[in-house]
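Just so you know, we're using the working numbering here: the sequence shown kicks off at 385 and counts up by one.
One structure is given below, encoded as C-alpha cells.
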Amino acid sequence: MHAELYTDGIEEITVSGTIVRVDLVSLSPTERDANNVPKRVFSQRLIFSVESFANSVDVMQKALQGLVDAGVIRRNQPVESPNGASVVRDALTPNSPRTHNVSSNFR
385 MHAELYTDGI EEITVSGTIV RVDLVSLSPT ERDANNVPKR VFSQRLIFSV
435 ESFANSVDVM QKALQGLVDA GVIRRNQPVE SPNGASVVRD ALTPNSPRTH
485 NVSSNFR
C-alpha cells in the first residue's frame with residue numbers, strides 16, 4: 385500500500401533555477417490565531433523540476449475544470465477595481481455551505 389498525504393493547502397511556491405518547491409500546510413489541531421481560527425503550519429514540501437511542475441499544474445487545471453463542469457464549484461466573474469483593472473476575488477466559490485473550520489484556501 386502507498387502512503388497517502390493530506391494537506392489543507394499550499395502556503396508558498398518558490399522557484400529557484402529549474403527547481404520548484406511547494407510548501408504544504410495543515411491546520412493545527414492545537415494552535416489558534418487571535419480570531420480562534422486554527423493556525424496554518426508547515427507540514428511537508430514537494431519539490432518538482434519546472435517541467436514536472438508545469439505538467440502537474442495542467443493536470444490540476446483539468447481536474448478543476450471537471451469540478452466546475454460538474455457544478456461542485458463555480459468561478460466568480462471578474463469585478464472592476466477603482467483604477468479600471470479587472471480583478472478576480474475568491475476565484476472559486478463552493479456551491480455548498482462550509483463550516484467555519486475549513487481551510488482558508490477554499491473560502
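A virtual CB, placed ideally from N, CA and C, is assigned to each residue, including glycine.
- Taking a cut-off of 8 Å for Cβ pairs, the segment 428 to 443 and the segment 406 to 419 touch, as three or more such pairs fall below it.
- Approximately 7 Å separates the beta-carbon atoms of D392 and R424; this is inside 8 Å, confirming the contact.
- An exposed status is given to F426, since fewer than 16 other beta-carbon atoms sit within 10 Å of its beta-carbon.
- Rounded to the nearest whole angstrom, the C-alpha separation of P413 and A387 is 21 Å.
- Counted as a single uninterrupted DSSP element, the stretch harbouring E435 is not any beta strand (DSSP E) but the alpha helix (DSSP H) occupying residues 434 to 453.
- A Cβ-Cβ contact shorter than 7 Å links V404 with V434.
- A direct Cα-to-Cα measurement between N439 and L389 gives close to 20 Å.
- The bridge partners DSSP lists for G401 come to none.
- Taken through DSSP and simplified to helix, strand or coil, L430 comes out as strand.
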